[in-house]
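Engineer: The structure's right below; bear with me while I get my questions together.
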Amino acid sequence: MSASKAPSGPRLLLHNLAGKYDQKLVSMGDKYRQYLGKSNQVNDENLFRGIRVNDGSGYESFKELSDRAKNAGLLLKASKERGIVHEGQIDADIMMLKRIETISNDVRRILIMDGVDPVKDDPVKKVTFNFDEKESIEKFRIMTSREADTYELNLDLRQLLVIKKANDIGTEKVVIQTVIGMDGDVTTRISKAFADQPVPFINAIHQDAIGISVEFWKTLINVVVKLGTHIIGLLNPKG
Amino acid sequence: MKNRYLQAFQAYKELINSGGIQSSAEGENVFLHLRGNITGDILLFIVPKKKIAEDGIYIMELIRSDKTLEQERSVVIESFKQKFKGLSLLPESLVWVLGICFSILYTYWDFDNILTLFSGKWGVAGILSLLPLLLLSVITPLLGKYVGFNLLKPIFAIISSINRLLRLIRNRKVKDSQG
């Protein structure tokens, strides 16, 4: 993980995300070169990532990342079946490739929606700007806020949070994750490696974090309940 | 109370500047980074201090052998908890303001009808004045699951507007100094 200021808009968030996925594919390709490089099926030059066609973060760039992650995943699965690489080592990487593929597809679906990308919908901007090319992102990065707003993606809150969360998690390994739904469902996922050899410290800090999050939501719900109580109080003249 | 508002101000300032709130601590072998946002999502990152190969098992060993982490954990969690407490002040204040507005409007419009209704004299006007609230209480549990997240929309809208305004001001300054 690297700590830095979050990019200020969805376009730059996406570019950051595409960069992380790109780097991960390259590094995973390097990692498996010794096992897969000699195979007849693969070219050991730039394994997994392949030759880059799109180096930006538009629809086509994420399609390329998704396709490459999918192919790399299939390659790893085949290697696993043939017993070329140790199973424990390969499973986590297959999951990572699956994450890259899934999130890239989610991003593509968002980008293709009507009204999301002002460049896609504008014949003039379409000619001058192509966010699948790095140069367009670089031009966009140094625009004034007012000008950049005309090229910025129009995302609703849910879409923005999908992208933000994808960028936050990036390509980090998730060892334990708890999701608490509004309907009271609680789901905890634990990676196999962590389940086999748990670290008490991680369990404890994970519990602390859940406690803070639940407390925060409790406060928010209490606030709404207080408002309701206040309204009901108004209806009861004796109260 | 003053301290709480200061805490809230600092938490929102951080939220606007970096898109989230963060707390960090440093152990003997690893860094701890807690990152949260206004929806209550919390991400915990554990990063080795020295650059190492990406091997999860090795990081676990670093955590196990770090003697200062337990102490750092309580510090980082406490600081993070305080920041989240600060974040909850804005919705509380919003609801407080909403409550006052609602009270004023309701008293102005329908108080006579409601008084009549509660005094036992059932009338159409009284029932009609209660109807919106009854309807609200019936549909709220049904919609609860879907509404959930939208509860926070007004807060996001405010933060997003402040952020946009700040960006505009900041950019103008840069432009002036260049010109």
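As you go down the protein sequences, you meet chains A and B in turn.
Numbering-wise, this note's numbering puts 1154 at position 110 of the first sequence, and it's gapless, one number per residue.
Numbering-wise, this note's numbering puts 122 at position 106 of the second sequence, and it's gapless, one number per residue.
C-beta: ideal position from N, C-alpha, C; glycine also.
Measure the C-alpha to C-alpha separation of ILE1213(A) and GLU1104(A) and round it to an integer number of angstroms.
Structural biologist: Reading the first sequence from its first residue, position 169 is the one you call residue 1213(A). Reading the first sequence from its first residue, position 60 is the one you call residue 1104(A). The straight-line gap from Cα to Cα measures roughly 22 Å.
Engineer: Considering only C-alpha positions, which residue in the set GLY1100(A), SER1110(A), ASP1227(A) and ALA1239(A) is nearest to VAL1291(A)?
Structural biologist: Coverage of chain A is limited to positions 1045 through 1283, which leaves residue 1291(A) absent and any answer about it impossible.
Engineer: By the three-class DSSP mapping on this structure, what secondary structure does THR1231(A) have?
Structural biologist: Stepping through the first sequence from its first residue, residue 1231(A) is reached at position 187. It is a strand residue.
Engineer: Closer than 7 Å, CB to CB, is GLU108(B) near chain A or not?
Structural biologist: Taking the second sequence and counting its residues from 1, the one referred to as residue 108(B) is at position 92. Yes, GLU108(B) lies at the interface with chain A (some Cβ there is under 7 Å from its Cβ).
Engineer: So what's SER1101(A) in DSSP terms, helix, strand or just coil?
Structural biologist: Position 57 of the first sequence, counted from the start, is the residue given in the question as residue 1101(A). Three-state DSSP puts SER1101(A) in coil, outside helix and strand.
Engineer: So, for GLN1221(A): in the same chain, excluding its five sequence neighbours on each side, which residues have a beta-carbon less than 6 Å away from its beta-carbon?
Structural biologist: As a first step, residue 1221(A) is located in the first sequence; it is residue number 177 there, counting from the start. Contacts found: ARG1233.
Engineer: So which residues on chain B does VAL1070(A) lean against when the C-beta distance must stay under 7 Å?
Structural biologist: Translated into positions along the first sequence, residue 1070(A) becomes position 26. Chain B residues near VAL1070(A): none, gap ~13 Å exceeds 7 Å.
Engineer: In three-state DSSP terms, what is ARG51(B)?
Structural biologist: To locate residue 51(B), count along the second sequence from 1; it is residue 35. Strand at ARG51(B).
Engineer: Can a CB atom of chain A be found closer than 7 Å to the CB of LYS161(B)?
Structural biologist: Translated into positions along the second sequence, residue 161(B) becomes position 145. Residue confidence is low: LYS161(B) scores 44 on pLDDT, short of 50, so the model does not pin down where it sits. No coordinate-derived value is stated.
Engineer: Report the neighbours of ASP1212(A) on chain B: residues whose CB is nearer than 7 Å to its CB, in chain order.
Structural biologist: In the first sequence, the residue the question calls residue 1212(A) occupies position 168. Those within 7 Å of ASP1212(A) in chain B are ARG51 and LEU59.
Engineer: Kindly indicate if chain A contains any beta-carbon less than 7 Å away from that of SER104(B).
Structural biologist: Here residue 104(B) refers to the residue found at position 88 when the second sequence is read from its first residue. Closer than 7 Å: yes.
Engineer: Could you tell me whether the segment 1185-1203 of chain A touches the segment 1132-1141 of chain A, using the rule of 3 or more Cβ pairs below 8 Å?
Structural biologist: Touching, no.
Engineer: Taking the beta carbon of VAL113(B) as the centre, do at least 16 other beta carbons fall within 10 Å, making it buried, or is it exposed?
Structural biologist: Numbered from 1 along the second sequence, position 97 holds the residue referred to as residue 113(B). So VAL113(B) counts as exposed.
Engineer: What does the alpha-carbon distance come out to for the pair ILE1095(A) and ALA1113(A)?
Structural biologist: Locating residue 1095(A) in the first sequence gives position 51, counting from the first residue. Locating residue 1113(A) in the first sequence gives position 69, counting from the first residue. Approximately 13 Å between the Cα atoms of the pair.
Engineer: Should ILE58(B) go down as buried or exposed, given a rule of 16 or more other Cβ atoms within 10 Å for buried?
Structural biologist: On the second sequence, position 42 is the one that residue 58(B) refers to. Buried.
Engineer: Are the C-beta atoms of LEU181(B) and some chain A residue less than 7 Å apart?
Structural biologist: Counting from one through the second sequence, the residue named residue 181(B) turns up at place 165. No, LEU181(B) lies away from the interface with chain A (no Cβ there is under 7 Å from its Cβ).
Engineer: Helix, strand or coil: how does DSSP classify GLN1203(A) here?
Structural biologist: The count along the first sequence starts at 1 and reaches residue 1203(A) at position 159. Correct three-state label for GLN1203(A): helix.
Engineer: With a 10 Å radius around its C-beta and 16 neighbouring C-beta atoms as the bar for buried, classify SER104(B) as buried or exposed.
Structural biologist: As a working mapping, residue 104(B) is identified with position 88 in the second sequence. Counting Cβ neighbours within 10 Å, SER104(B) comes out buried, since at least 16 surround it.
Engineer: Would ASP1150(A) and ASN1098(A) qualify as a contact pair, given that the criterion is a beta-carbon distance under 7 Å?
Structural biologist: Taking the first sequence and counting its residues from 1, the one referred to as residue 1150(A) is at position 106. Taking the first sequence and counting its residues from 1, the one referred to as residue 1098(A) is at position 54. Not a contact, by the Cβ cut-off of 7 Å.
Engineer: Suppose you measure from the CA of ASP1074(A) to the CA of ILE1181(A); what does that come to, to the nearest Å?
Structural biologist: By 1-based counting over the first sequence, the position of residue 1074(A) is 30. By 1-based counting over the first sequence, the position of residue 1181(A) is 137. Approximately 27 Å, taken between the alpha carbons.
Engineer: Check SER40(B) in the structure and name its three-state DSSP category.
Structural biologist: Locating residue 40(B) in the second sequence gives position 24, where the first residue counts as 1. Strand, per DSSP.
Engineer: Going by beta-carbon coordinates alone, are SER1071(A) and SER1110(A) separated by less than 7 Å?
Structural biologist: As a first step, residue 1071(A) is located in the first sequence; it is residue number 27 there, counting from the start. As a first step, residue 1110(A) is located in the first sequence; it is residue number 66 there, counting from the start. No, the Cβ-Cβ distance between SER1071(A) and SER1110(A) is not below 7 Å.
Engineer: If we call anything under 7 Å between Cβ atoms a contact, is LEU1197(A) one with VAL1160(A)?
Structural biologist: Residue numbering aside, residue 1197(A) sits at position 153 when the first sequence is read from its first letter. Residue numbering aside, residue 1160(A) sits at position 116 when the first sequence is read from its first letter. Contact flag set, yes.
Engineer: If you check the beta carbons only, do VAL46(B) and PRO64(B) fall under 7 Å apart?
Structural biologist: Indexing the second sequence from 1 puts residue 46(B) at position 30. Indexing the second sequence from 1 puts residue 64(B) at position 48. Contact: yes.
Engineer: Between which two residues does the beta strand (DSSP E) containing ILE58(B) stretch?
Structural biologist: The residue labelled residue 58(B) in the question sits at position 42 within the second sequence. Where ILE58(B) is concerned, the enclosing beta strand (DSSP E) stretches over 58-64.
Engineer: Do you know how far the Cα of GLU86(B) is from the Cα of ARG1152(A)?
Structural biologist: In the first sequence, residue 1152(A) corresponds to position 108, counting from 1. In the second sequence, residue 86(B) corresponds to position 70, counting from 1. Those two C-alpha atoms are separated by around 42 Å.
Engineer: Which chain B residues are close to ALA1253(A), counting only those with a beta carbon under 9 Å from its beta carbon?
Structural biologist: Mapped onto the first sequence, residue 1253(A) falls at position 209. Here the neighbours are LEU50, GLY52, ILE58, LEU59, LEU60, ILE93 and PHE96.
Engineer: Give me the DSSP bridge partner(s) of ILE1224(A).
Structural biologist: For the purposes of this step, residue 1224(A) is taken as the residue at position 180 of the first sequence. In DSSP, ILE1224(A) forms a bridge with VAL1230(A).
Engineer: Nearest to ASN19(B) by CA position, among PRO107(B), LYS101(B) and ARG80(B), is which residue?
Structural biologist: The residue you call residue 19(B) lines up with position 3 of the second sequence. Nearest option by C-alpha distance: LYS101(B).
Engineer: Let me check understanding here. Comparing Cα to Cα, which of ARG1185(A), PRO1244(A) and ILE1138(A) lies closest to LEU1069(A)?
Structural biologist: Here residue 1069(A) corresponds to residue number 25 of the first sequence, with the count starting at 1. That would be ILE1138(A), whose Cα lies nearest to the Cα of LEU1069(A).
Engineer: Using 10 angstroms around the beta-carbon of GLY1225(A), count the other beta-carbons present and answer buried if the total reaches 16, otherwise exposed.
Structural biologist: As a position in the first sequence, residue 1225(A) is number 181, starting the count at 1. That one is exposed.
Engineer: So, are the CB atoms of ASN1174(A) and LEU1061(A) less than 7 Å apart?
Structural biologist: Locating residue 1174(A) in the first sequence gives position 130, where the first residue counts as 1. Locating residue 1061(A) in the first sequence gives position 17, where the first residue counts as 1. No; because the gap between Cβ atoms is not below 7 Å, this pair is not in contact.
Engineer: In this structure, does DSSP put VAL1163(A) in helix, strand or coil?
Structural biologist: Looking up residue 1163(A) in the first sequence gives position 119. Three-state result, VAL1163(A): coil.
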